[in-house]
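Residue numbers (the numbering used here): 7 to 481.
Dropping the structure here:
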């Protein structure tokens with residue numbers, strides 16, 4: 007079986023978030039199921055030089071985009087046993103950042119057309135075209151409309167995976183109509199129309215043969231008005247085609263025993279984990295004391311990630327004997343809030359604005375607890391990485407957090423972390439203090455850590471479910 011992933015980012019080529027981890031790791035797990043996966047991405051300027059220098063140009067073509075024809079190169083490179091095809095156009099993709107430009111609709115409409123035009127140049131057409139998030143949502147739409155009668159394309163089936171419904175690729179109807187060169191019939195309620203505009207996310211939801219999202223709980227949440235981002239009605243109509251398949255992590259990449267970024271490699275050694283804590287404290291200028299409970303956060307700094315709750319709880323949290331280490335970037339107001347807290351408590355807080363992969367790994371390794379009070383979380387990978395690094399997650403019960411973290415029960419000895427339901431400061435503080443009370447009890451704490459260590463958060467079981475989904479489509 008041949009499957010082609012179409013996505014806007016993938017490790018180890020480019021990454022801004024968890025999407026890249028998934029698109030980078032899942033093909034390797036599917037290969038063990040006998041699935042031949044090719045990943046197609048834009049060729050960004052941010053791709054590491056060692057990889058970009060190894061690419062081979064397969065062909066050059068022009069892509070019709072509205073009234074204009076644009077250059078498109080198709081390049082190939084093998085990375086870690088995975089075949090990547092790169093869509094090359096420096097005007098659209100060789101920029102300082104992956105996203106955030108005024109011509110996002112044009113960039114990813116071009117990418118969508120380029121992927122479908124490229125298929126006609128390949129000797130091995132895929133059985134499944136697996137599209138990820140709004141940046142590729144137009145591909146199922148175009149395959150079912152513009153390319154419906156294209157020779158060889160009729161047997162291709164599509165899967166559209168929702169990684170985060172909040173980001174929808176909504177643009178003016180006039181703009182997309184110009185880019186796609188389609189008639190008014192493509193902008194009805196049953197097609198791309200979205201409250202007077204047009205949605206690329208809705209295009210994927212409407213026209214893909216099957217839908218998936220990244221956790222079982224999130225698959226139900228997005229069918230409700232609270233989490234459905236005004237698309238819950240569309241998703242409920244497609245509920246019989248929707249699969250909730252939990253993300254995993256690449257356990258070879260995230261392995262504290264073989265992580266080159268850590269001061270001391272470890273597996274289950276409490277002493278060696280504390281050595282990593284002391285090393286991070288020294289690196290970040292915090293008082294070096296391995297007995298002080300350390301809370302780690304590696305995240306986008308947004309209210310979705312619960313930073314409004316963290317900000318409101320900080321005055322009370324700072325009364326506790328703790329240290330808080332935060333790595334991330336995002337909303338200016340949240341960054342300013344954290345800077346203010348740092349000025350008031352320089353001996354308890356360390357901040358790093360931006361992203362640094364090595365520092366992120368050291369935070370996972372050094373922290374005793376990982377704080378993740380998200381208002382919603384489709385899956386979340388950070389809590390899985392934390393568990394892999396023997397760090398106890400404190401999470402809100404939503405989406406994939408609910409599916410992956412079990413609250414500790416001191417009477418039965420079960421549970422891998424600490425959870426709370428209502429998104430309130432009171433519930434967050436109560437849960438943090440509950441975790442701190444068990445941190446002071448070595449027997450309980452070691453049991454919680456051991457419970458988390460027994461869990462399997464790799465990709466094998468999820469890959470089997472994707473294989474089952476693919477088989478259902480091609481049969």
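Note that the Cβ used here is the ideal one computed from N, Cα and C, for glycine as well. As the structure is a computational prediction, the values presented were derived from the model and not from experiment.
At which residues does the beta strand (DSSP E) containing residue i begin and terminate?
i: residue 135; result: 134-138
i: residue 163; result: 163-168
i: residue 355; result: 355-359
i: residue 364; result: Where residue 364 is concerned, there is no enclosing beta strand (DSSP E), although the alpha helix (DSSP H) it sits in stretches over 363-372.
i: residue 12; result: 8-12
i: residue 407; result: Where residue 407 is concerned, there is no enclosing beta strand (DSSP E), although the alpha helix (DSSP H) it sits in stretches over 405-410.
Identify whether residue i lies in helix, strand or coil by the three-state DSSP scheme.
i: residue 73; result: coil
i: residue 240; result: helix
i: residue 3; result: For the chain, the structure presents residues 7 to 481; residue 3 sits outside this window and is missing.
i: residue 343; result: helix
i: residue 226; result: helix
i: residue 252; result: coil
i: residue 207; result: helix
i: residue 44; result: strand
i: residue 24; result: helix
i: residue 390; result: helix
i: residue 60; result: coil
i: residue 216; result: strand
i: residue 147; result: helix
i: residue 383; result: coil
i: residue 192; result: helix
i: residue 350; result: helix
i: residue 33; result: helix
i: residue 142; result: helix
i: residue 55; result: helix
i: residue 156; result: coil
I'd like to confirm the pairing. Which residues does DSSP put opposite residue i in its beta bridges?
i: residue 400; result: 377, 424
i: residue 80; result: 65, 93
i: residue 16; result: 20
i: residue 172; result: Its beta-bridge partners do not exist; DSSP assigns none.
i: residue 413; result: 423
i: residue 85; result: 88
i: residue 199; result: 204
For residue i, report the span of its alpha helix (DSSP H) as first-last.
i: residue 451; result: 448-460
i: residue 111; result: 110-125
i: residue 101; result: Run containing residue 101: none; DSSP gives neither H nor E here.
i: residue 183; result: 179-186
i: residue 435; result: 431-445
i: residue 330; result: Where residue 330 is concerned, there is no enclosing alpha helix (DSSP H), although the beta strand (DSSP E) it sits in stretches over 329-334.
i: residue 520; result: Only positions 7 to 481 of the chain appear in this structure, which leaves residue 520 out of reach.
At least 3 beta-carbon pairs within less than 8 angstroms: the segment 214-228 vs the segment 408-416: yes
Counting pairs of Cβ atoms below 8 angstroms between the segment 300-307 and the segment 375-390, do you hit three or more? yes
Answer yes if the segment 349-365 comes into contact with the segment 382-395, meaning at least three C-beta pairs across the two stretches below 8 angstroms, and no otherwise. no
Report the start-end ranges of each alpha helix (DSSP H) in the segment 246-324 that is 4 residues or longer and not cut off at the edges. 276-290, 313-323
Cβ pair count under 8 angstroms reaching 3, the segment 255-272 against the segment 386-403: yes
Whether or not the segment 336-354 and the segment 307-326 are in contact is what I'm after, with contact meaning three or more pairs of Cβ atoms, one per stretch, closer than 8 angstroms; do they touch? yes
Does the segment 134-150 come into contact with the segment 201-215, if we say contact requires no fewer than three beta-carbon pairs (one atom in each stretch) closer than 8 angstroms? yes
Whether or not the segment 29-42 and the segment 71-80 are in contact is what I'm after, with contact meaning three or more pairs of Cβ atoms, one per stretch, closer than 8 angstroms; do they touch? no
Are the segment 23-42 and the segment 309-317 touching, with three or more C-beta to C-beta distances below 8 angstroms? no
So does the segment 195-213 actually touch the segment 445-462, counting three or more Cβ pairs closer than 8 angstroms? no
Cβ contact check for the segment 240-256 and the segment 177-191: 3 or more pairs under 8 angstroms: no
Is the segment 53-61 in contact with the segment 100-118, if contact means three or more CB pairs nearer than 8 angstroms? no
Using 8 angstroms as the cut-off, can you tell me whether the segment 245-256 makes contact with the segment 461-478, which would need three or more C-beta pairs spanning the two stretches below that distance? yes
Could you tell me whether the segment 11-23 touches the segment 46-59, where touching means 3 or more Cβ pairs closer than 8 angstroms? yes
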